[in-house]
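Residues in the sequence shown are numbered consecutively from 1, following UniProt numbering.
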Amino acid sequence: MLLAVLIITMLTLYCFDTAFYANPKRKDDLHDVPNTPQYQPYHAEMIKLIDELDNTKYEAVQTQSFDGLTLRGRLYLYDEHAPIEIAFNGYRTTGVHDAGGVYQIARRRGHNILIVDQRATGISDGKVISFGINERYDVLSWIKYINSRFNSQMKIILVGGSLGGATVLMASDLQLPENVVGIVADSAYSSPKAIIKKVIRGMHLPADFMYVFVKFAAKLLGHFDLEATSAKKALKNCKLPVLIIHGEADRYVPCRMADENFQACNSPIKQLLKIPNGPHDISLLVDWDTYQNTVNDFFDKIDV
Numbered sequence: 001m002l003l004a005v006l007i008i009t010m011l012t013l014y015c016f017d018t019a020f021y022a023n024p025k026r027k028d029d030l031h032d033v034p035n036t037p038q039y040q041p042y043h044a045e046m047i048k049l050i051d052e053l054d055n056t057k058y059e060a061v062q063t064q065s066f067d068g069l070t071l072r073g074r075l076y077l078y079d080e081h082a083p084i085e086i087a088f089n090g091y092r093t094t095g096v097h098d099a100g101g102v103y104q105i106a107r108r109r110g111h112n113i114l115i116v117d118q119r120a121t122g123i124s125d126g127k128v129i130s131f132g133i134n135e136r137y138d139v140l141s142w143i144k145y146i147n148s149r150f151n152s153q154m155k156i157i158l159v160g161g162s163l164g165g166a167t168v169l170m171a172s173d174l175q176l177p178e179n180v181v182g183i184v185a186d187s188a189y190s191s192p193k194a195i196i197k198k199v200i201r202g203m204h205l206p207a208d209f210m211y212v213f214v215k216f217a218a219k220l221l222g223h224f225d226l227e228a229t230s231a232k233k234a235l236k237n238c239k240l241p242v243l244i245i246h247g248e249a250d251r252y253v254p255c256r257m258a259d260e261n262f263q264a265c266n267s268p269i270k271q272l273l274k275i276p277n278g279p280h281d282i283s284l285l286v287d288w289d290t291y292q293n294t295v296n297d298f299f300d301k302i303d304v
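Okay, structure coming up:
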């Protein structure tokens, strides 16, 4: 009996540490990009985008989360009469690391952009990454910050990649202000459960068995329900225009999840772009013209 308790405890701690825990003393390396064969052809361009964004003048801003965390970001404000994109980063990365391409497209479009570090990433507070479950409410916090500062006059587009993409999709069925006019999600998974099971299978472990401990760890140590919502669930109630983008060669989040999200979406305006040979969250580097033209076409449709 004691041995069983010890095994359960060890498995739960392992799952929590591996999936959810973020060291508050973490030091992020902006140049830490994948060096796999898929990413090597784009390595130099990725570093260039990161450095250009990191060296661009910005205003440091912050807001409070619903559970008392200080969330931080970089505001690139160019025209108070123009729309603003709020960009959310991926899993265990930072806003500046992920949003270089988003920034380039936004600037060419004439948009302002707020690039945030999600909870438990970058310089934002937090020790727990919740795969979008709590992060979706942080989207509301940033929207409230923008509306408080600009009197709700600025049109807002929610943008995210990977975890950030799933986050903005999960936020799509919350009570969002009328000036939130659209969502662009790149490489978003369909649900925390689905992506976690995919990762477990990739580790050659029994997915159903291990997922029990992952879910238990989230509840016991992270204090959140891993199945409280998902992108697919939220999109069934979504009324906002949505653009879903995914690389067909994504080895982290399967491209089929983009199809699942698109099919689930009940928005009257929805669009799906799949980039052939596109790795995870860098499809714009594979086919910049198609990516940018599709985003601009979507922005034309929603008048931003």
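Each residue gets a CB set at the ideal place from its N, CA and C atoms; glycine is no exception.
Check each candidate in the options and name the one with the smallest Cα separation from residue i.
{"i": "Ala-44", "options": "Asp-303, Leu-285, Asp-289 and Tyr-291", "result": "Leu-285"}
{"i": "residue 306", "options": "Gly-161, Thr-290, Ala-194 and Val-214", "result": "Examination of residue 306 is not possible in this model, given that the chain is present from 1 through 304 alone."}
{"i": "Ile-149", "options": "Cys-15, Glu-80 and Ile-244", "result": "Sequence inspection shows Arg at residue 149; the Ile mentioned does not correspond to that position. Per the Cα distances, Glu-80."}
{"i": "Leu-272", "options": "Glu-260, Ile-245 and Ala-106", "result": "Ile-245"}
{"i": "Asp-289", "options": "Ala-171, Gly-101 and Phe-213", "result": "Gly-101"}
{"i": "His-223", "options": "Leu-3, Phe-16 and Leu-11", "result": "Phe-16"}
{"i": "Tyr-78", "options": "Tyr-103, Gly-160, Leu-69 and Val-96", "result": "Tyr-103"}
{"i": "Ile-269", "options": "Cys-238, Arg-109 and Ala-258", "result": "Cys-238"}
{"i": "Arg-72", "options": "Ile-123, Asn-89 and Asp-287", "result": "Ile-123"}
{"i": "Asp-186", "options": "Phe-262, Ala-218, Leu-221 and Ala-217", "result": "Phe-262"}
{"i": "Met-10", "options": "Glu-135, Ala-166 and Ala-217", "result": "Ala-217"}
{"i": "Asn-35", "options": "Lys-197, Arg-26, Asp-28 and Met-46", "result": "Met-46"}
{"i": "Gln-62", "options": "Ser-267, Arg-119 and Glu-52", "result": "Arg-119"}
{"i": "Pro-276", "options": "Ser-267, Arg-251, Ser-130 and Cys-265", "result": "Arg-251"}
{"i": "Tyr-189", "options": "Ala-207, Thr-167, Leu-176 and Val-180", "result": "Thr-167"}
{"i": "Thr-18", "options": "Leu-53, Met-203, Leu-158 and Gly-68", "result": "Met-203"}
{"i": "Ile-113", "options": "Ser-130, Thr-121 and Gly-95", "result": "Gly-95"}
{"i": "Leu-30", "options": "Ala-264, Phe-298, Tyr-291 and Asp-54", "result": "Asp-54"}
In whole angstroms, what separates the C-alpha of residue i from that of residue j?
{"i": "Trp-142", "j": "Pro-83", "result": "15 angstroms"}
{"i": "Ile-50", "j": "Asp-303", "result": "29 angstroms"}
{"i": "Phe-20", "j": "Lys-144", "result": "26 angstroms"}
{"i": "Ile-282", "j": "Gly-247", "result": "8 angstroms"}
{"i": "Pro-254", "j": "Ala-87", "result": "22 angstroms"}
{"i": "Gln-64", "j": "Ala-228", "result": "22 angstroms"}
{"i": "Leu-205", "j": "Glu-178", "result": "45 angstroms"}
{"i": "Arg-201", "j": "Val-139", "result": "31 angstroms"}
{"i": "Ile-115", "j": "Tyr-211", "result": "32 angstroms"}
{"i": "Val-295", "j": "Ile-133", "result": "26 angstroms"}
{"i": "Tyr-58", "j": "Ala-99", "result": "14 angstroms"}
{"i": "Ile-8", "j": "Phe-209", "result": "12 angstroms"}
{"i": "Ala-60", "j": "Lys-219", "result": "33 angstroms"}
{"i": "Val-33", "j": "Leu-6", "result": "37 angstroms"}
{"i": "Val-159", "j": "Ala-207", "result": "30 angstroms"}
{"i": "Ile-105", "j": "Thr-12", "result": "42 angstroms"}
{"i": "Gly-164", "j": "Asp-300", "result": "23 angstroms"}
{"i": "His-97", "j": "Tyr-42", "result": "14 angstroms"}
{"i": "Tyr-91", "j": "Arg-74", "result": "18 angstroms"}
{"i": "Leu-69", "j": "Pro-24", "result": "12 angstroms"}
How many whole angstroms separate the CB atoms of residue i and residue j, which I take to be in contact at a CB cut-off of 8 angstroms?
{"i": "Ser-191", "j": "Ser-152", "result": "Not quite, the Cβ-Cβ distance comes to about 32 angstroms (not below 8 angstroms), so this is no contact."}
{"i": "Pro-241", "j": "Tyr-39", "result": "At roughly 31 angstroms, the Cβ-Cβ gap does not stay under 8 angstroms, so Pro-241 and Tyr-39 are not in contact."}
{"i": "Leu-169", "j": "Ile-183", "result": "7 angstroms"}
{"i": "Ser-172", "j": "Ala-234", "result": "5 angstroms"}
{"i": "Ala-249", "j": "Lys-274", "result": "So it is not a contact: roughly 10 angstroms between Cβ atoms."}
{"i": "Leu-226", "j": "Lys-215", "result": "5 angstroms"}
{"i": "Ala-22", "j": "Ile-129", "result": "6 angstroms"}
{"i": "Tyr-137", "j": "Phe-66", "result": "5 angstroms"}
Across which residues does DSSP place residue i in a beta bridge pair?
{"i": "Lys-274", "result": "His-246"}
{"i": "Tyr-21", "result": "Val-128"}
{"i": "Glu-59", "result": "Leu-75"}
{"i": "Ala-87", "result": "Ile-115 and Val-159"}
{"i": "Thr-229", "result": "None; Thr-229 has no bridge partner."}
{"i": "Gln-38", "result": "Beta-bridge pairing links Gln-38 to no other residue."}
{"i": "Ala-64", "result": "It should be pointed out that residue 64 corresponds to Gln in this sequence rather than to Ala. Looking at the DSSP assignment, Gln-64 forms a beta bridge with Thr-70."}
- Item | Length-filtered (3 minimum) beta strand (DSSP E) runs lying within the UniProt domain "AB hydrolase-1" (104-215) | Counting whole runs of 3 or more residues, the UniProt domain "AB hydrolase-1" (104-215) contains the beta strand (DSSP E) stretches 112-117, 156-161 and 180-186.
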